[in-house]
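Residue numbers (our numbering): 22 to 136.
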Amino acid sequence: MHRPLYRNANYLVLSNAGIYTFRWNLRADNKHYQPKLSLKTRNYLEAMRQASVLAIQISSLHNPTIEDVRAIYSDFSGKQKKQSTLLKGIDITNYLSDLSVKSQAEYRNCWVSFV
């Protein structure tokens, strides 16, 4: 009996919601890790393309660590740590330039009382 194609790529997992996830099996320090990354697609061919790119990058490393895999995931997804901006740090004056002077003063006072 012929095995389905998705069985050959055990690093590609379909969630209950129909979204594909990439999962890499890793063993380090006698511990088993399975870091996951959502591919954010329901298209099988697109998921296979993305998963293949990830698998090639990870398998090109000699004895990858969990940090290496997570770094590749981070680079692939383009996620950067978000830096939150405090409301006090926002200068609302720049956003009010098209209003009248009176309206600018009212909005600015409202903003300052809110912050």
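Just so it is clear, CB atoms sit at the ideal spot from N, CA and C, and this is done for glycine as well.
N-terminal and C-terminal residue of the alpha helix (DSSP H) that residue i is part of
{"i": "A76", "result": "Y65 to S80"}
{"i": "Y32", "result": "First-last for Y32: undefined, no H or E at that position."}
Pairwise C-alpha distance: residue j and residue i
{"i": "F135", "j": "S36", "result": "43 Å"}
{"i": "Q71", "j": "Q125", "result": "49 Å"}
{"i": "G39", "j": "R63", "result": "6 Å"}
{"i": "L66", "j": "N51", "result": "35 Å"}
{"i": "K166", "j": "E127", "result": "Residue 166 lies beyond the stretch modelled for the chain, which goes from 22 to 136, so this question has no answer here."}
{"i": "N84", "j": "N46", "result": "12 Å"}
{"i": "V122", "j": "T114", "result": "11 Å"}
{"i": "Y32", "j": "L117", "result": "51 Å"}
{"i": "A76", "j": "L82", "result": "10 Å"}
{"i": "L120", "j": "G99", "result": "38 Å"}
Unbroken beta strand (DSSP E) run spanning residue i, endpoints
{"i": "Y54", "result": "K52 to Y54"}
Close-in-space but distant-in-sequence residues of the same chain around residue i (CB under 7 Å, 5 per side omitted)
{"i": "N130", "result": "none"}
{"i": "T86", "result": "A49"}
{"i": "Y94", "result": "P56 and L58"}
{"i": "I79", "result": "W45, P85, V90 and I93"}
{"i": "A68", "result": "L33, Y41, L60 and T62"}
Nearest to residue i (by Cα), restricted to the options the options
{"i": "I111", "options": "W132, Y65 and L47", "result": "W132"}
{"i": "Y54", "options": "A68, Q78, K109 and E88", "result": "E88"}
Sequence-distant residues of its chain with Cβ nearer than 8 Å to residue i (five each side left out)
{"i": "V74", "result": "F97"}
{"i": "V34", "result": "Y41, T42, F43, R44 and K57"}
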